[in-house]
Every structure is written in C-alpha cells, then in structure tokens.
Amino acid sequence: MFNRKSSTNTQNDPSIIRKLIMLFILGFSVVFVGIVLLIVAALASDGSDFGVFIFIWPFPIMIGAGSETTWTFLFAMVFSMVSIVLLLILRREMRKVSA
32 MFNRKSSTNT QNDPSIIRKL IMLFILGFSV VFVGIVLLIV AALASDGSDF
82 GVFIFIWPFP IMIGAGSETT WTFLFAMVFS MVSIVLLLIL RREMRKVSA
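So the sequence shown is residues 32 to 130, counted in the working numbering.
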C-alpha cells in the first residue's frame, strides 16, 4: 500500500540537504549581521551600554559594556542552566522510549 522506497529516497535526497545547509547559513548570517548592527548602533549613540549574548550550546558567550552588562550575564547563565536541564530531561525520556 505504501511505497517505502520513495520515502527513503526523499530523506537521502542531496537537494534537501543542500537546502537545509543554505537555510542554516542564511540564519547564521542574519543573526551575525543583527549583532553587528546592534553593536554599531550602541556605540554610535550617546549611551555606551550594550550587550551581546551568543549561545553555542552549552557555552554562553557574553560581550557587553556599561551598567546593564550584569543583567545580560545573569540572563546568559540562567539560559545555559535551563538548556542543560532540558537536555538531560529529554535525554532521559529518549532512553525510556528506546528501551
């Protein structure tokens, strides 16, 4: 009834993989340009407060200057802890499902 061969062909199709890679590169580029624009705008304004939070799992990278840097750092730490806890919970659930 179902053609299993056609479903495996779409999963291994190089054009789908190429599209996903291009989508990843596009998303990364948009985020990078946004960060650069925010830094330039913060430095060009009268105030010198700015902060950038980049999360490369599980390491938060925080760059900032000014009085609001503490809040950015705290947000990065909380975000990191929550993501690690969620990963451990999901990992445990995946083991239950596969067992």
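Where a beta carbon is used, it is the ideal one built from N, C-alpha and C, also for glycine. In this text, all values refer to a predicted model and were calculated from it rather than measured experimentally.
_Residue burial classification, THR103 (beta-carbon count within 10 angstroms, cutoff 16)_ = Indexing the sequence shown from 1 puts residue 103 at position 72. Looking at its Cβ environment, which holds 16 or more other Cβ atoms inside 10 Å, THR103 is buried.
*Straight-line CA distance for MET32 to PHE63?*
In the sequence shown, counting from the first residue as 1, residue 32 sits at position 1. In the sequence shown, counting from the first residue as 1, residue 63 sits at position 32. Residue confidence is low: MET32 scores 49 on pLDDT, short of 50, so the model does not pin down where it sits. No coordinate-derived value is stated.
*Rounded straight-line distance, which links the Cα of SER76 to that of ARG122*: Mapped onto the sequence shown, residue 122 falls at position 91. Mapped onto the sequence shown, residue 76 falls at position 45. If I take the Cα positions, the gap works out to 45 Å.
*asked:* Comparing C-alpha positions only, which one of LEU118, PHE55, LEU69 and PHE86 sits nearest to ALA96?
replied: Taking the first residue of the sequence shown as position 1, residue 96 is located at position 65. The shortest C-alpha to C-alpha distance from ALA96 to any of LEU118, PHE55, LEU69 and PHE86 is the one to LEU69.
*In three-state DSSP terms, what is ALA96?*
Within the sequence shown, residue 96 is the residue found at index 65, counting from 1. Here ALA96 sits in strand by DSSP.
*Identify every residue that forms a DSSP beta bridge with PHE82.*
Counting from one through the sequence shown, the residue named residue 82 turns up at place 51. Here residue 82 turns out to be Gly, not Phe, going by the sequence shown. Secondary-structure assignment with DSSP links GLY82 through a beta bridge to GLY95.
*Environment of PHE81 [buried if 16+ CB atoms lie within 10 Å]*: Taking the sequence shown and counting its residues from 1, one reaches residue 81 at position 50. The residue in question, PHE81, is buried, as its Cβ has 16 or more Cβ neighbours within 10 Å.
*Going by the CB atoms, is the gap between ALA107 and MET93 shorter than 8 Å?*
By one-based count along the sequence shown, residue 93 stands at place 62. By one-based count along the sequence shown, residue 107 stands at place 76. Yes. Within cutoff.
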